[in-house]
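This report concerns only the one structure given below.
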Amino acid sequence: MSFDISVFYSLKISEAVELLITETTRNTWIVMALLLILALYVRIKSRSWDPMKKPTGFQNFIEMCVDGWEKFYRDSANDTVAYLAPWFFTLVVFIAMSNLIGITGLRPPTADWGMTFPLALSSFFVMVFVGLRHRPKDYLKGIFLEPVFVFAPLNLIGELAKPIALSFRLFGNLVGGMILVSLLYAIPYMFVIPVPIHLYFDIASGILQAVIFTVLSVIFAGTAAE
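Here it is in structure tokens:
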């Protein structure tokens, strides 16, 4: 297994412009396409669902996921940022799908810092948005004037470090897991991991990392809004 970001193919637009498509970009497009197809399928199927009847089958699974996330979100965030639940649900589903695509043999997009940093940066922008929206004076005061104004540079560095730390956490866990598994399989006659167990840990780890990333983002946003 290679850990470099290799170019998948090049698209020559003109003599002066050539577009390079990396493996991360390709796999991200695959994840986006799968999620879009799933969303359209759920949208079409939901038109025939009767809210007065007991849900079964696929409807029951979708409602269980949505209701479970809403309950989990309410337990993790305050009511001030309740309207952000759909955004964070999209975030956790996208990251989980990006992590789980690795079980198909494709490189997870989240194993590239070029993907995890924009995701963390989007969470940072959401945090700043809710802080400025709900308590602009207190939010800015907490950064530039508390406990005294001389600590403003340190407070600002602490705020800017949040997306960097968040991105490296997800990136490091994904890449570290890939390297560890590759090393285990590279040692002959010492480590033999049954496929079901390997698959279980891959799925559990992928979902767990997505939930941790999203929960930290929720906490940052909720703290900024309080």
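First residue of the sequence shown: 0, per numbering that gives the first Met the number 0; consecutive thereafter.
For every residue, glycine included, the Cβ atom is placed at its ideal position computed from N, Cα and C.
Everything numeric in this text was worked out from a predicted model, so none of it was measured.
Is residue 165 helix, strand or coil by DSSP?
Mapped onto the sequence shown, residue 165 falls at position 166. Residue 165 falls in the helix class under three-state DSSP.
Please confirm if the segment 122-136 is in contact with the segment 41-56, defined as three or more CB-CB distances below 8 Å between the two stretches.
Because the criterion of three Cβ pairs below 8 Å is not met, the segment 122-136 and the segment 41-56 do not touch.
Contact between the segment 31-42 and the segment 109-125: three or more CB pairs below 8 Å?
no
Determine, using beta carbons only, whether residue 215 and residue 165 come nearer to each other than 8 Å.
The residue labelled residue 215 in the question sits at position 216 within the sequence shown. The residue labelled residue 165 in the question sits at position 166 within the sequence shown. Yes; because the gap between Cβ atoms is below 8 Å, this pair is in contact.
Write down every uninterrupted run of the beta strand (DSSP E) in the segment 16-75 whose length is 3 residues or greater and which is fully enclosed by it, in chain order.
17-21
Rounded to a whole number of angstroms, what is the C-alpha to C-alpha distance between residue 27 and residue 121?
Walking along the sequence shown from the start, residue 27 turns up at place 28. Walking along the sequence shown from the start, residue 121 turns up at place 122. C-alpha separation (whole angstroms): 16 Å.
Contact between the segment 129-145 and the segment 89-96: three or more CB pairs below 8 Å?
no
With a cut-off of 8 Å, do at least 3 Cβ pairs link the segment 94-110 to the segment 167-176?
Segments in contact, yes.
Along the chain, where does the alpha helix (DSSP H) containing residue 91 start, and where does it finish?
On the sequence shown, position 92 is the one that residue 91 refers to. Element bounds for residue 91: 84-99.
Please state whether DSSP places residue 106 in a helix, a strand or coil.
As a position in the sequence shown, residue 106 is number 107, starting the count at 1. Correct three-state label for residue 106: coil.
Roughly how far, in whole angstroms, is the beta-carbon of residue 154 from the beta-carbon of residue 142, given that I think they are within contact range, below 8 Å?
If you number the sequence shown from 1, residue 154 lands on position 155. If you number the sequence shown from 1, residue 142 lands on position 143. About 5 Å separates the two Cβ atoms, so the contact holds.
Under a three-way DSSP split, which group does residue 80 fall into?
Reading the sequence shown from its first residue, position 81 is the one you call residue 80. The answer is helix: DSSP assigns residue 80 an H, G or I state.
Looking only at its own chain, which residues have a Cβ that is under 8 Å from the Cβ of residue 224, when we skip the five neighbours before and after it?
Walking along the sequence shown from the start, residue 224 turns up at place 225. Within the same chain, 77, 79, 80, 129, 130, 132, 133 and 134 come within 8 Å of residue 224 by CB-CB distance, once the 5 residues on both sides are set aside.
Does the Cβ-Cβ distance between residue 100 and residue 201 come in under 8 Å?
Position 101 of the sequence shown, counted from the first residue, corresponds to residue 100. Position 202 of the sequence shown, counted from the first residue, corresponds to residue 201. No, the pair does not count as a contact, with Cβ atoms beyond the cut-off.
Using DSSP with H/G/I as helix, E/B as strand and the rest coil, what is residue 201?
Stepping through the sequence shown from its first residue, residue 201 is reached at position 202. Secondary structure at residue 201: helix, using DSSP grouped into helix, strand and coil.
Roughly how many angstroms separate the alpha carbons of residue 209 and residue 42, rounded to a whole number?
Working through the sequence shown from its first residue, we reach residue 209 at position 210. Working through the sequence shown from its first residue, we reach residue 42 at position 43. Roughly 24 Å between the two C-alpha positions.
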